[in-house]
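In our numbering, the protein residues as written are 237 to 456.
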């Protein structure tokens with residue numbers, strides 16, 4: 237599964253992005269001192285997820301031929317990347333993924349279990365415009381479509397935060413997907429100095445992957 241996820245992310249993000257994949261159930265630490273200090277009071281599950289994210293991030297650095305480095309935790313728990321790098325980390329219960337680039341202005345990634353979004357969350361995650369489109373889908377497909385929207389918005393949140401510092405809700409944007417599962421974000425609130433964000437969603441047998449990026453000097 238790790239290899240399939242890594243291959244899918246490389247296909248979605250291209251050769252300029254280093255990819256790492258690890259397992260948060262692995263109790264291996266591997267944290268640097270400045271990283272361990274960030275989670276010393278966290279519960280064990282959170283510590284394992286944090287450590288897996290840092291292991292995956294250092295895999296991604298190595299994939300680009302870069303020296304590995306510490307990745308401490310900053311405001312709102314966002315990773316502090318080494319100068320000149322943009323990156324993102326995400327995890328579910330069984331996998332942790334990381335993506336790092338020297339050419340992208342920002343990157344956001346997300347991984348979710350390939351299960352339908354709970355029905356009581358649809359009105360929270362999806363805007364009225366996104367919910368209106370559900371009427372044209374078979375009911376059995378609606379929950380999975382909304383889970384893809386959820387994952388796309390998670391990726392967009394991570395891509396925009398380093399550039400704007402804004403904490404946004406699901407109602408801050410709508411995402412529209414084409415038949416190739418690429419998506420564009422339409423904002424419903426001012427987002428000063430934010431370049432155009434584009435991304436894609438990929439369905440694998442067990443997980444959903446989403447990526448969103450801006451590239452230095454030009455949109456996606």
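Glycine residues also receive a C-beta, built at the ideal position from the N, C-alpha and C atoms.
Does at least one heavy atom of the ligand ZN sit under 7 Å from the Cβ of residue i?
i, result
"residue 346", "Of the ligands one can find in the structure shown there are none, so the ligand ZN has no counterpart to examine."
Kindly identify the DSSP beta-bridge partner or partners of residue i.
i, result
"residue 412", "420"
"residue 285", "Answer is none; residue 285 lacks a bridge partner."
"residue 439", "444"
"residue 334", "256, 325"
"residue 315", "309"
"residue 449", "343, 434"
"residue 381", "For residue 381, which the question treats as bridged, DSSP gives no partner whatsoever."
"residue 349", "443"
Below 8 Å between beta carbons: does that hold for residue i and residue j?
i, j, result
"residue 337", "residue 394", "no"
"residue 294", "residue 256", "yes"
"residue 448", "residue 391", "yes"
"residue 246", "residue 271", "no"
"residue 440", "residue 350", "yes"
"residue 309", "residue 318", "no"
"residue 292", "residue 333", "yes"
What does the Cβ neighbour count give for residue i, buried or exposed, with the cut at 16 atoms within 10 Å?
i, result
"residue 378", "buried"
"residue 277", "exposed"
"residue 384", "buried"
"residue 340", "buried"
"residue 450", "buried"
"residue 424", "exposed"
"residue 365", "exposed"
"residue 355", "exposed"
"residue 296", "buried"
"residue 381", "buried"
"residue 359", "exposed"
Within its chain, find whatever has a CB closer than 6 Å to the CB of residue i; leave out the 5 residues flanking it on each side and keep chain order.
i, result
"residue 420", "412, 434"
"residue 330", "none"
"residue 455", "Bear in mind that the predicted position of residue 455 carries a pLDDT of just 39, short of 50, making it too unreliable to give a figure here."
"residue 342", "322, 395, 398, 399, 450"
"residue 253", "335, 337"
"residue 418", "436"
"residue 239", "none"
"residue 300", "254"
What does the alpha-carbon distance come out to for the pair residue i and residue j?
i, j, result
"residue 260", "residue 279", "13 Å"
"residue 367", "residue 376", "14 Å"
"residue 312", "residue 326", "14 Å"
"residue 320", "residue 400", "17 Å"
"residue 287", "residue 267", "6 Å"
"residue 264", "residue 284", "8 Å"
"residue 371", "residue 428", "33 Å"
"residue 243", "residue 302", "20 Å"
Keeping to the same chain, check which residues put their C-beta closer than 8 Å to that of residue i; ignore five residues upstream and five downstream.
i, result
"residue 389", "361, 406, 409, 411"
Suppose the cutoff is 7 Å on Cβ atoms and the five residues either side in sequence are ignored; what does the same chain contact list for residue i look like?
i, result
"residue 282", "275"
Could you confirm whether any beta carbon from chain C is found closer than 8 Å to the beta carbon of residue i?
i, result
"residue 323", "Here chain C cannot be found, since the structure has a single protein chain."
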